[in-house]
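Enquirer: Take a look at the following structure, please.
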Amino acid sequence: MDTNAFLAQKYKITVDALNFVKKAEEDLKEVFAGFDETASFNTYKVLHAFKEANVQNRHFVGTTGYGYSDEGREKLGELFAQIFGAEAAFVSPQIASGTHAITIALFGLLRPLDTMLSITGKPYDTLAQVIGIGNNKASGSLADFAIKYQQVDLLPDSKINIQAVLDNLYLNKSIKMVYIQRSRGYEMRKSLTIAQIAEAIKAVKAKFPKMKVVVDNCYGEFTEDLEPTDVGADLMIGSLIKNPGGGLAPTGAYLAGTKECVDMAAGRLTCPGIGTEVGSYAYGYLPYYQGIYFAPSVVRNALKGAALTAYTYEKLGYKVLPRYNEPHPDITQAICMESETGLINLVRAVQKSSPVDANVVPYPWDMPGYEDPVIMAAGTFVQGGSIELSADGPVKPPYITYMQGGLTYENTKLAILCALSEMDLDMD
Ligand SMILES: *Cc1c(COP(=O)(O)O)cnc(C)c1O
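Sequence positions in the sequence shown follow the working numbering and run 10 to 437.
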């Protein structure tokens, strides 16, 4: 059957929308080719790591209880270390979220009277209570343990202020950790490229060779050929319901880096002295191995979707970040929708195109912890899985919509076609 006719019949996609996206895909050829190249390299890198780590069927089997000599768990750590050019890594279904994994790293590496220096401005929202900054105080934060926090804001154009970082390090001898957030999270700044991260690490290590550099790598994996650990990060952290889970990992996170740092963090994952020697998972690790295997390809699909989204709204006159032909160092795409109806239209288009709960119509609601009503679409297999196509935004000017993920490019394309079909495109 003719695809366009099918889409017109089943999703009421208009001819104007189809023509618009056809033109978009022609203009995006080169951008897409770049994503393909990165995905190829990373796929071979991952395959070679499977070979080097000698992954076998028996590693997929689950264990129970303490999980002593759980080979699947140990091998998965070895595999991730190999892929990320790190000395060591652990991967655990017992880590509930990215924030939990970062918390393990911070508490594992820092000691009372140490200072953590964030060099990419304010960290991801959920970390404020972990660090003990901001208005809401949670019990048991770093601040409660007399661990201090300082930050260096990014320069205009989202560059790291390396001179200010070095000045801080010279002045404050209690700084024991330099903290970098690769992805922009929910700030309207650019995400960092690996080249920028490498430059900052090099500058820090040249003067302070023992300084520990920790990178929040959430949303960044496989968007470039190299990862922060390839360019000198001591520890990096990521969530498995984002990029490296490939859409298949049902939960969990990883930490990868030097053996010293990974061991320190492992003491917080479970207990000092026990570290990664325990931990069972009765379901078995198959989806984790399959997930990381698919991840480079899934990230490519998500990036193509992000570029198509950026192109579409940029051509329609909206401000987007990043622009379609700018680097995409993570899988998120922000669009300033400028109106409540624009925001709602896009979020509903995403929901309508999803595999799960496609018949649900999202409405703005007062989400706990947020000042303004939020609207979100998440018809995902894994709850909250943001490597899967999802969109959300606070209902307030300039009505920024954050769109991310997409296990297949076609899924995001359908969402864009649905959104365009609701608009008066005025094409001649
Ligand atoms: C997703 C994300 C996190 C962790 O978020 P969780 O919702 O706790 O998994 C941290 N930092 C960044 C930049 C992120 O994108």
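Even glycine gets a Cβ: it sits at the ideal position worked out from N, Cα and C. Note that the structure is a prediction, hence the values are computed from the model and not measured.
For K313, count neighbouring C-beta atoms within 10 Å of its own C-beta (all shown protein chains included) and say buried if the count is 16 or more, exposed if not.
Expert: Per the 10 Å Cβ criterion, buried.
Enquirer: How far does the alpha helix (DSSP H) with A315 in it reach, from first residue to last?
Expert: Note, A315: alpha helix (DSSP H), L295 to K324.
Enquirer: Residues bridged to M125 by DSSP?
Expert: M125 pairs with Y158 and M186.
Enquirer: Hey, how far is the Cα of H57 from the Cα of F50?
Expert: If you take the alpha carbons of H57 and F50, they lie about 11 angstroms apart.
Enquirer: Starting from the N-terminal side, write out each stretch of the beta strand (DSSP E) that is 3 residues or longer and does not extend beyond the stretch 217-261.
Expert: Entirely contained in the stretch 217-261, the beta strand (DSSP E) runs reaching 3 residues are, in chain order, 221-225 and 244-248.
Enquirer: Evaluate R24 with the Cβ neighbour count: other Cβ atoms within 10 Å of its Cβ, from every protein chain shown; 16 or more gives buried, anything less gives exposed.
Expert: A quick correction: the sequence has Val, not Arg, at residue 24. The residue in question, V24, is exposed, as its Cβ has fewer than 16 Cβ neighbours within 10 Å.
Enquirer: How about Y333 and A311: do their beta carbons lie closer than 7 angstroms?
Expert: Cβ atoms of Y333 and A311: not closer than 7 angstroms.
Enquirer: Assuming A358 contacts C427 under a Cβ cut-off of 8 angstroms, what Cβ separation, rounded to an integer in Å, is found between them?
Expert: Going by Cβ atoms, the distance from A358 to C427 rounds to 4 angstroms, so yes, they are a contact pair.
Enquirer: Work out the CA separation of M125 and C270 for me, nearest whole Å.
Expert: Answer to the nearest angstrom: the Cα atoms are 15 angstroms apart.
Enquirer: Quick check on F29: buried or exposed, where buried means 16 or more other Cβ atoms within 10 Å of its Cβ?
Expert: Buried.
Enquirer: Whether or not the stretch 416-432 and the stretch 347-361 are in contact is what I'm after, with contact meaning three or more pairs of Cβ atoms, one per stretch, closer than 8 angstroms; do they touch?
Expert: Short answer: they touch.
Enquirer: Measure how close the beta-carbons of G2 and A242 come, nearest whole angstrom, since I'm counting them as under 8 angstroms.
Expert: Because residue 2 is not part of the residues shown, which for the chain are 10 to 437, the question remains open.
Enquirer: Can you tell me whether V365 is buried or exposed, with buried defined as 16 or more other CB within 10 angstroms of its CB?
Expert: V365 should be labelled exposed.
Enquirer: Just to confirm, does Y411 get its C-beta within under 6 angstroms of one of the non-hydrogen atoms of ligand 1?
Expert: Result no, Cβ not under 6 angstroms from ligand 1.
Enquirer: Residue range of the beta strand (DSSP E) that Q6 falls in?
Expert: Nothing can be reported for residue 6: it is not among the residues displayed for the chain, which extend from 10 to 437.
Enquirer: Where does the unbroken alpha helix (DSSP H) through V55 begin, and where does it stop?
Expert: Residues K38 to A62.
Enquirer: Does the separation of the CB atoms of L441 and Q299 fall below 7 angstroms?
Expert: The requested residue 441 does not occur in the structure, where the chain is confined to residues 10 to 437.
Enquirer: Counting Cβ pairs, one atom from each stretch, are 3 or more of them under 8 angstroms apart for the stretch 215-226 and the stretch 145-162?
Expert: No, they do not touch.
Enquirer: So is I409 buried or exposed if we call it buried at 16+ other beta carbons inside 10 Å?
Expert: It is buried - the Cβ of I409 has at least 16 other Cβ atoms within 10 Å.
Enquirer: Let me check understanding here. Comparing Cα to Cα, which of E96, S78 and E34 lies closest to D272?
Expert: Comparing Cα positions, the closest option is E96.
Enquirer: For my contact list, D381 and P403 are in at a C-beta cut-off of 8 angstroms; report their separation, rounded to the angstrom.
Expert: That belief holds up - the Cβ atoms of D381 and P403 are roughly 4 angstroms apart, short of 8 angstroms.
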